[in-house]
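Worksheet: one structure, shown below.
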Amino acid sequence: MKYAGIFLSLIVLAVAMCCSIIFGSTDIPLQTVIDSYTSFNGSKEHLIIQTTRVPRALIAAAVGASLAVAGAVMQAITRNPLASPSLFGVNSGAAFFIVVATSLFHAGGFQEFTWIAFLGSTVSSAIVYIMGSMGRDGMTPVKITLAGSAVTAFFHSMTQGLLLADGKMFDQVLIWLVGSVAGRDVAMLHAVYPYMIIGFVLCLILSRHINVLAMGEDVAAGLGQRTVLVKVAAAVSIILLAGASVAVAGPIAFVGIIIPHIVRYLIGNDYRWIVPYSALLGAILLVSADLGSRYIAMPAEVPVGVMTAIIGVPFFVYIARKGARV
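Just so it is clear: in the sequence shown, position 242 is 242 by our numbering, and no numbers are missing.
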């Protein structure tokens, strides 16, 4: 049954990506999409397909999958149903470091942005972990949520301050900071997908260990698990997935909250299945949200980060009130 769900999700993802390529401010027939790769003629439509629509769909799928898996693993290791890269400062830390590097050190290469995003994600994650672990009772869901919210607010405020101080840079990075997959080319995906794949494979390898860790840290240690090593490896995977996503698409919020809860509702709490299902459903969500964002204010487009926020805020309130189990 779970394999059938994987197969069905792949079909839905393929359909969503086809719709993302075909529909937009100008609809393009499916045959034209096929012709652009089988008999390219250099026309405007063929160029739009190859340089804009297809890279956009691929990037949306990769980013959605990465953020969803990162959120699922974060919720497992923190035992917090509200954990996600966007709410625990990972995305905002990466964004802040990129803005600092652009404003103060004039960084401009995309490969530089990628490594800077990883650094920002690491620093913000470390700060949240240290703040959330202070006190005699150690890390608790409430403490780490408060720490994540504080770090997110801090980095967001600092980012806005830098942008206001440099008006020209504000115009350049505003769309990126909101979170968008528009205007990205396939070279950007080539620069980050190796890190996404490494992070995803690492999560798959850790899935059995995460199942044991979910029973409780004391139980896992009693069964011989090296809980610290598992948590460090999980943190590395989160940083790779979230950092790469922020580098290519900006800090897109709520995907890492929405998808893991839907997946656990559908298939249970076995992370050997939660990880691949989260990747597929996360890709479907962001590709669909990007497609929907094109129709809110046509002919203009709304950044996909706004669309995920519209979907995610009610879901976040529901989860916060319900206190869903991780």
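Cβ coordinates follow ideal geometry from the N, Cα and C atoms, glycine included.
Residue i - DSSP class collapsed to helix/strand/coil
i, result
"residue 345", "Residue 345 is absent from the model: the chain starts at 1 and stops at 326."
"residue 208", "helix"
"residue 181", "coil"
"residue 45", "helix"
"residue 302", "coil"
"residue 269", "coil"
"residue 121", "helix"
"residue 294", "coil"
"residue 106", "coil"
"residue 223", "coil"
"residue 215", "coil"
"residue 327", "No information on residue 327 is available, as it lies outside the stretch 1 to 326 that the chain covers here."
"residue 247", "helix"
"residue 57", "helix"
"residue 79", "coil"
8 Å CB neighbourhood of residue i in its chain, flanking five on each side removed
i, result
"residue 28", "21, 22, 45, 48, 49, 53"
"residue 97", "116, 117, 119, 120, 123"
"residue 225", "209, 212, 213"
"residue 240", "118, 195, 196, 198, 199, 202"
Presumed contact (8 Å Cβ cut-off) between residue i and residue j, rounded CB distance
i, j, result
"residue 59", "residue 181", "5 Å"
"residue 121", "residue 242", "5 Å"
"residue 162", "residue 232", "That pair is no contact at about 31 Å."
"residue 13", "residue 280", "6 Å"
"residue 63", "residue 286", "6 Å"
"residue 125", "residue 251", "Rounded, the Cβ-Cβ distance is 14 Å, inconsistent with contact."
"residue 283", "residue 61", "4 Å"
"residue 185", "residue 303", "With a Cβ gap of about 17 Å, residue 185 and residue 303 do not count as contacting."
"residue 275", "residue 229", "Their Cβ separation, rounded to whole angstroms, is 18 Å, which puts residue 275 and residue 229 out of contact at 8 Å."
C-beta atoms of residue i and residue j nearer than 8 Å
i, j, result
"residue 299", "residue 25", "yes"
"residue 327", "residue 89", "No answer is possible for residue 327: the residues shown for the chain start at 1 and end at 326."
"residue 196", "residue 150", "no"
"residue 213", "residue 76", "yes"
"residue 192", "residue 247", "yes"
"residue 258", "residue 199", "no"
"residue 82", "residue 320", "yes"
"residue 74", "residue 262", "no"
"residue 306", "residue 293", "yes"
"residue 19", "residue 291", "yes"
"residue 260", "residue 72", "yes"
"residue 177", "residue 95", "yes"
"residue 308", "residue 249", "no"
Residue-level contact to chain D via CB, residue i, 8 Å cutoff
i, result
"residue 224", "Any reference to chain D falls outside this structure, which holds one protein chain only."
Cut-off 7 Å between Cβ atoms - residues of its own chain near residue i, not counting five sequence neighbours on either side
i, result
"residue 110", "188, 191"
Beta-carbon proximity list for residue i, same chain, < 6 Å, skipping 5 on both sides
i, result
"residue 113", "98, 247"
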